[in-house]
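Numbering (our numbering), first residue to last: 16 to 665.
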């Protein structure tokens, strides 16, 4: 009996055969050459070697792989993920080839003219994206506005409810502490509980689900605050608000970054700060809008209740609209749902090739991250504290986060109406002046889109800290001007506004941006959790202590206290916070892996250079920026080996 003719191989079998062939070629090439990382890693101990390997894999997950091999990997990924249509397989083959070297996509002959045009336009018009991506940006901006309103509607409302709740005596230490406790309750919740719920909520409900739940909690808490009748009832309602503020503040920037193309991610981190400032301004506007609302006869304090309740409006809007956005593709990948991830990315990109490129790279990076995080959690926490590179990053990010609160901005954000009332403003004028501060805070956040990546993070802080100190001293000393003099009110308002002008492009946007980029990826969740908890804890400290501080030291001493902290912040940044502008992951390893003494010496030399160059007009050279020679050596060797490896594979 004749045997059946052999069946032609399927596309999948052809791909596997090609993959095996390419892998065998790769083995031969590496057999002839020396191991890629051995020469440069022999000089390091095991812990350093493991850390450097993890860092470089995360920075270059596709480095040294030939274009043909990348195409095969893309096809395999598509088929293994259940995307078996010819169109999807082609998209992933080409997408993987582009992901390996985005600067050389012009050598890929299979790309259509439309695809080439879209890829070119990514470089020249980075804001040219599908409408769905801008819908995501709008929703994330609304989340930031919710945050801002939650923080500032209490500014005007407290002038009324403190009297109604019997905690309004400015000469009573008890009343001052209780007022501060009510105002600061959400930030206590954020620091102690709310921030630490972010990770489990994201894993269970996704980015959209977490944002929905957080905004729902915010809306309910705002509604609840409007119906409180005692100070402890208000404290409980505002503490509950922290369960919405904490997870929302941590999740929304992540959601935006995971949906955005790489070239827009930095700008979208800035969006959070800018639209939070916008929400702060709207909160002041709501206070002013409801000021003259009379009591209904049934409910006392209708005006302050409407102020507190108004913050629920943007939160409800977000709840209604968040599920009109696609879920984060990275979250789908973490749940092993690549098909849904691809569908989500396709809504956020013009062409399937773009979506396949980003998803393939995202999936590869996620696998490398999981390998890096295979180190036990205890070991990662230990490395966070004991390895110099990580410890220095922690010191720097904690300084900028701590100083965001201790610079005194939230004293003005939360208590500006009370400050202006003490200065002799009428109640309406005090609210109007607070609105003016909100407008200044928002408008002067806009230049940071440009300055944070050109002037630099460190330079912005070193420039603005002395100015913030000067303007707070000016504001405090202005309270000594006789109250009947026109200059009394004018100078106090001017000092507060000038403080807002220099805060908004400096300590406003820098802390979250700096903390997000300072840590290696494999310990970044730990670093960001600590950074977020730090800023909310000291936000709580600031809010709860200001009424008592004001009573004990009067405005002159209270403003002088925070002015002095700005001087401390200047020297802390000068000596401990290196520049991270336009640095790659390897360059950041080199920047942070230096001794504290070297960084202090550089700060002192830079301080002397400034005076000699700009004050005494001497022609002197800039002091060299310290960096780790060992890490720099490894970077250079690693780059050379990658180049050699890539050349060998061509």
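From the three backbone atoms N, C-alpha and C, an ideal C-beta is built for every residue, glycine too. All of these numbers come straight from a predicted model, not from anything done at the bench.
| query | Which word fits residue 612, buried or exposed, when buried means at least 16 other C-beta atoms lie within 10 angstroms of its C-beta? | reply | It counts as exposed.
| Would you report the Cα separation of residue 137 and residue 143, rounded to the nearest angstrom? | Rounded to the nearest angstrom, the two C-alpha atoms are 7 Å apart.
| field | Proximity winner among 233, 239 and 269, relative to residue 222 (alpha-carbon distances) | value | Closest by alpha carbon: 269.
| request: Could you tell me which uninterrupted alpha helix (DSSP H) segments, each at least 4 residues in length, are contained entirely in the region 436 to 469, listed from first to last along the chain? | output: Inside the region 436 to 469, DSSP marks whole alpha helix (DSSP H) runs of 4 or more residues at positions 442 to 458 and 463 to 469, from first to last along the chain.
| field | Sequence-distant residues of the same chain with beta carbon closer than 7 Å to residue 509, five excluded per side | value | Within its own chain, no residue has a Cβ closer than 7 Å to the Cβ of residue 509 once the five positions on either side in sequence are excluded.
| task | Evaluate contact between the region 297 to 304 and the region 161 to 171, counting only Cβ atoms and requiring at least three cross-stretch pairs below 8 Å. | result | Yes, since at least three Cβ pairs between the region 297 to 304 and the region 161 to 171 fall closer than 8 Å, the two stretches touch.
| Whole-Å CB distance - residue 202 paired with residue 558, under 8 Å assumed | With a Cβ gap of about 6 Å, residue 202 and residue 558 count as contacting.
| task | Select from 329, 238 and 370 the residue whose C-alpha is nearest the C-alpha of residue 102. | result | Considering only alpha carbons, the answer is 370.
| So which of 324, 491 and 150 has the shortest CA-CA distance to residue 506? | Measuring from the Cα of residue 506, the nearest candidate turns out to be 491.
| task | Indicate whether residue 483 and residue 440 have their beta-carbon atoms separated by less than 8 Å. | result | No; because the gap between Cβ atoms is not below 8 Å, this pair is not in contact.
| field | 8 Å Cβ cutoff, residue 555 in contact with chain C | value | Among the protein chains of the structure shown there is no chain C, as only one such chain exists.
| said: With a threshold of 6 Å on Cβ separation, who are the neighbours of residue 670 within its own chain once the five nearest residues in sequence on each side are excluded? | reply: The structure shown does not extend to residue 670, since the chain spans only 16 to 665, so no value can be given for it.
| query | Near residue 183, what residues of its chain come up, given a Cβ to Cβ distance below 7 Å and the 5 sequence neighbours on each side ignored? | reply | Counting only Cβ-Cβ distances below 7 Å, and skipping sequence neighbours, we find 177 and 190.
| request: Return yes when the Cβ of residue 480 is within less than 8 Å of the Cβ of residue 585, no when it is not. | output: Result yes, Cβ atoms of residue 585 and residue 480 sit closer than 8 Å.
| request: Determine the direct distance from the alpha carbon of residue 90 to that of residue 37, and round the result to whole angstroms. | output: With a pLDDT of 47 at residue 37, under the threshold of 50, the predicted position of this residue should be treated as unreliable, and no value is reported.
| query | What residue ranges within the region 83 to 121 form continuous alpha helix (DSSP H) runs of no fewer than 4 residues, ordered along the chain? | reply | The region 83 to 121 contains these whole alpha helix (DSSP H) runs: 101 to 115.
| task | Just confirm the distance between the C-beta atoms of residue 399 and residue 538, as a whole number of angstroms; I'd bet it's less than 8 Å. | result | By a beta-carbon distance limit of 8 Å, residue 399 contacts residue 538. Their separation comes to about 5 Å.
| field | Three-state class that DSSP yields for residue 132 in the structure shown | value | In the structure shown, residue 132 sits in a helix (DSSP, three-state: H, G or I).
| task | Mind the definition here: the region 224 to 233 touches the region 337 to 349 only if three or more C-beta pairs lie below 8 Å; say whether that holds. | result | The answer is yes - the region 337 to 349 touches the region 224 to 233, with three or more Cβ pairs under 8 Å.
| message | Using only CA atoms, which one of 277, 385, 273 and 224 lies nearest to residue 259? | response | Closest option to residue 259, Cα to Cα, is 224.
| said: So, under 8 Å CB-CB, residue 210 and residue 580 are touching, yes? Tell me the CB distance rounded to an integer number of Å. | reply: Contact doesn't hold; Cβ gap of about 23 Å is too wide.
| request: Have a look at residue 468 and residue 279 and give me their C-alpha separation to the nearest angstrom. | output: The alpha-carbon atoms of residue 468 and residue 279 are separated by roughly 13 Å.
| Whole-angstrom Cβ separation of residue 290 and residue 160, contact assumed at under 8 Å? | Between residue 290 and residue 160, the beta carbon gap of about 5 Å places them in contact (Cβ cut-off 8 Å).
| Neighbourhood of residue 241 by C-beta, 8 Å cutoff - its chain only, sequence neighbours within 5 removed | Excluding five sequence positions before and after residue 241, the CB atoms of its chain that fall closer than 8 Å to its own CB belong to 320, 321, 323 and 324, given in chain order.
| request: Could you check if residue 461 is buried or exposed, using at least 16 other CB atoms within 10 Å of its CB as the buried criterion? | output: Looking at its Cβ environment, which holds fewer than 16 other Cβ atoms inside 10 Å, residue 461 is exposed.
| query | Terminal residues of the continuous alpha helix (DSSP H) containing residue 243? | reply | Unbroken run through residue 243: none, as it is neither H nor E.
| request: Whole angstroms is fine: what's the gap from residue 525's alpha carbon to residue 463's? | output: Between the C-alpha atoms of residue 525 and residue 463 there is a straight-line separation of about 9 Å.
| request: Give the C-beta separation of residue 412 and residue 533 to the nearest angstrom, bearing in mind that I take them to be a contact with Cβ-Cβ under 8 Å. | output: Rounded to the nearest angstrom, the Cβ distance from residue 412 to residue 533 is 5 Å, consistent with a contact under 8 Å.
| task | Take residue 115 as the anchor and find which of 139, 127, 95 and 87 has the nearest alpha-carbon. | result | Of 139, 127, 95 and 87, the residue nearest in Cα terms is 87.
| said: Taking the alpha helix (DSSP H) that residue 503 belongs to, which residues open and close that run? | reply: That run of the alpha helix (DSSP H) goes 501 to 518.
| message | Taking 8 Å as the threshold (C-beta atoms), are residue 214 and residue 540 in contact? | response | At the C-beta level, residue 540 and residue 214 come within 8 Å of one another.
| said: With distance defined between alpha-carbon atoms, name the residue in 331, 354 and 642 nearest to residue 341. | reply: Ranking 331, 354 and 642 by Cα distance to residue 341 puts 354 first.
| request: Determine the direct distance from the alpha carbon of residue 448 to that of residue 433, and round the result to whole angstroms. | output: Using only the alpha carbons, I get a separation of about 11 Å.
| task | Identify which residue in 529, 92 and 364 has its Cα closest to the Cα of residue 596. | result | With distances taken between Cα atoms, residue 596 lies closest to 529.
| query | Thinking C-alpha only, which one of 152, 419, 195 and 493 is nearest residue 518? | reply | The residue with the shortest Cα to Cα distance from residue 518 is 419.
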